[in-house]
Ligand SMILES: [Zn+2]
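Numbering (my numbering), first residue to last: -11 to 237.
What follows is the structure in C-alpha cells.
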C-alpha cells in the first residue's frame, strides 16, 4: 500500500513537472525533493475510488487509470445529441439522474445535461489546452488538474436548463433550474457539490450546476445539515490550497 502511494505521488510530481507552459512556480517545484511534494501540496490518492461516497478534490486524487466499470448513458436530454464520453455516468447515478430530471419536469423545470463523465485523458488534454492559453497558475484556478476532477468518478454531472443558457457559468445561479436543483437534488441522491461560501472547504467557488451523486440517505443528511461532502465525511478541508498557492505562485 505504501509503495503504491509512493508511486502515485511520484507520478503526480512528474505530471506537474511535465505540464507545458509551466512558470517559475513549477521551476521551483522541480527543485523540491519528491518526498516533500506530498507534504507541501498535500497530494493524497483517494482511498476508495470505486465507492459512491468517494472524495475527489484538490487534495484527493483519482488513480490515473481509473475508469468506472458500469458507465451507461442516462436517458435524459443533453445539450448535444452524440453518444459520447461526456454523456456517460455510472449506472446507479444515471438511474437516479433520470428520476431527478423526471421530477423536475413535473415541476415545470426542463433540465439538460451539459457534461457528465470525463476520463483522465480527456481532462489532461483539456487542462493542457488551458495551460497553453493562460499558463499553469491561471489554468488551475478554473480547471481541475488531471486526476482531481470529480467528473472522472462518473458520479458528477453539470446540468443546465434545456435552452443551455448560462450552462456551467456563474449566471446559472440566478436561474429557476438552479433554484430547483438546490432545493430538490438531495431527494434523488445528489448534492450541489460546491455550495456558496464553502470554497475553503471544497476548493471551488460556487458551482450551482455541478451535482454529484452520493446516494439518497447521504444526500439528505448533507442537505439537512447544510454541509459539504468533506465536512460530512470528516475529510480535511482543502483550505491549505490557498497556502499551496502562496508557496508556489
Ligand atoms: Zn462539473
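Yeah, the Cβ is synthetic: ideal placement off N, Cα and C, and Gly gets one too. In this text the structure is predicted, and so the values were computed from the model without any measurement.
With a threshold of 7 Å (Cβ to nearest heavy atom), would residue 144 be considered close to ligand 1?
Here residue 144 corresponds to residue number 156 of the chain shown, with the count starting at 1. Yes, ligand 1 has a heavy atom inside 7 Å of this Cβ.
At least three beta-carbon pairs within less than 8 Å, the region 113 to 128 to the region 172 to 191
Taking 8 Å as the limit for Cβ pairs, the verdict is that the region 172 to 191 does not touch the region 113 to 128.
Ends of the beta strand (DSSP E) at residue 122?
As a first step, residue 122 must be located in the chain shown, where it is residue number 134. Premise fails: residue 122 lies in the alpha helix (DSSP H), 108 to 122, not in any beta strand (DSSP E).
Leaving out five residues before and five after residue 56 in sequence, what residues of the same chain have Cβ atoms less than 6 Å from its Cβ?
Position 68 of the chain shown, counting from 1, holds the residue named residue 56. Taken in chain order, the residues that qualify are 78 and 142.
Per DSSP, which residues does residue 77 bridge with? Please list them.
Taking the first residue of the chain shown as position 1, residue 77 is located at position 89. Answer is 60.
With distances taken from CA atoms, which of 203, 63, 225 and 159 is nearest residue 196?
Within the chain shown, residue 196 is the residue found at index 208, counting from 1. Per the Cα distances, 159.
For residue 180: DSSP bridge partner residues:
Taking the first residue of the chain shown as 1, we reach residue 180 at position 192. Residue 180 is bridged to 199.
List the whole-angstrom C-beta distance separating residue 104 from residue 76, where the pair is believed to meet the contact cut-off of C-beta under 8 Å.
For the purposes of this step, residue 104 is taken as residue 116 along the chain shown, with counting starting at 1. For the purposes of this step, residue 76 is taken as residue 88 along the chain shown, with counting starting at 1. Indeed, because the Cβ distance is near 6 Å, the residues count as touching under 8 Å.
Could you give the DSSP three-state label for residue 40: helix, strand or coil?
Your numbering for residue 40 matches position 52 in the chain shown. If DSSP states are grouped into helix, strand and coil, residue 40 belongs with coil.
Alpha carbon to alpha carbon, how far is residue 109 from residue 83?
Position 121 of the chain shown, counting from 1, holds the residue named residue 109. Position 95 of the chain shown, counting from 1, holds the residue named residue 83. Approximately 26 Å between the Cα atoms of the pair.
Return the CA-CA distance between residue 226 and residue 129, expressed in angstroms with no decimal places.
Your numbering for residue 226 matches position 238 in the chain shown. Your numbering for residue 129 matches position 141 in the chain shown. In a straight line, the C-alpha of residue 226 is about 14 Å away from that of residue 129.
If I'm right that residue 52 touches residue 223 with Cβ under 8 Å, what's the distance once you round it to whole angstroms?
To locate residue 52, count along the chain shown from 1; it is residue 64. To locate residue 223, count along the chain shown from 1; it is residue 235. No, residue 52 and residue 223 are not in contact; Cβ-Cβ is about 21 Å, not under 8 Å.
Smallest Cα separation from residue 107: which of 70, 137, 95 and 208?
Numbered from 1 along the chain shown, position 119 holds the residue referred to as residue 107. When only C-alpha atoms are compared, the closest one is 137.
What does the alpha-carbon distance come out to for the pair residue 208 and residue 127?
Residue 208 sits at position 220 when you count from the first residue of the chain shown. Residue 127 sits at position 139 when you count from the first residue of the chain shown. If I take the Cα positions, the gap works out to 34 Å.
Can you say whether residue 45 is buried or exposed, counting buried as having 16 or more other CB atoms within 10 angstroms of its CB?
Position 57 of the chain shown holds residue 45. Label assigned to residue 45: buried.
Cα-Cα, which of 80, 60 and 81 is closest to residue 72?
Residue mapping note: residue 72 aligns to position 84 of the chain shown, counting from 1. Ranking 80, 60 and 81 by Cα distance to residue 72 puts 60 first.
Can you tell me whether residue 217 is buried or exposed, with buried defined as 16 or more other CB within 10 angstroms of its CB?
Position 229 of the chain shown, counted from the first residue, corresponds to residue 217. Classification of residue 217: buried, given that the 10 Å Cβ count is 16 or more.
Please find out if some non-hydrogen atom of ligand 1 comes closer than 7 Å to the beta-carbon of residue 198.
Taking the first residue of the chain shown as position 1, residue 198 is located at position 210. A distance criterion of 7 Å places the beta-carbon of residue 198 in contact range of ligand 1, judged by its closest non-hydrogen atom.
Beta strand (DSSP E) segments (min. 3 residues) lying fully within the region 136 to 181:
144 to 149
With distances taken from CA atoms, which of 153, 54 and 191 is nearest residue 135?
Residue 135 sits at position 147 when you count from the first residue of the chain shown. It is 54 whose Cα lies nearest to the Cα of residue 135.
Going by DSSP in three states, residue 33 sits in which element: helix, strand or coil?
Reading the chain shown from its first residue, position 45 is the one you call residue 33. The answer is strand: DSSP assigns residue 33 an E or B state.
For residue 146, count neighbouring Cβ atoms within 10 angstroms of its own Cβ and tell me buried if that reaches 16, exposed if not.
As a working mapping, residue 146 is identified with position 158 in the chain shown. Buried is the call here.
Distance check for residue 90 and residue 149, CA to CA, integer angstroms please.
In the chain shown, counting from the first residue as 1, residue 149 sits at position 161. In the chain shown, counting from the first residue as 1, residue 90 sits at position 102. If you take the alpha carbons of residue 149 and residue 90, they lie about 13 Å apart.
Between which two residues does the beta strand (DSSP E) carrying residue 131 extend?
Here residue 131 refers to the residue found at position 143 of the chain shown. Here residue 131 belongs to no beta strand (DSSP E), and DSSP marks it neither H nor E.
For the beta strand (DSSP E) containing residue 217, list its first residue and its last residue.
As a first step, residue 217 must be located in the chain shown, where it is residue number 229. Note, residue 217: premise wrong, no beta strand (DSSP E); alpha helix (DSSP H) at 217 to 220.
Cα separation between residue 213 and residue 203?
Start at 1 with the first residue of the chain shown, and residue 213 comes out as number 225. Start at 1 with the first residue of the chain shown, and residue 203 comes out as number 215. Taking the straight line joining both Cα atoms gives about 16 Å.
Between which residues of its own chain and residue 156 is the CB-CB distance below 6 Å, once the five residues before and five after are set aside?
As a working mapping, residue 156 is identified with position 168 in the chain shown. Around residue 156: 102, 146 and 197.
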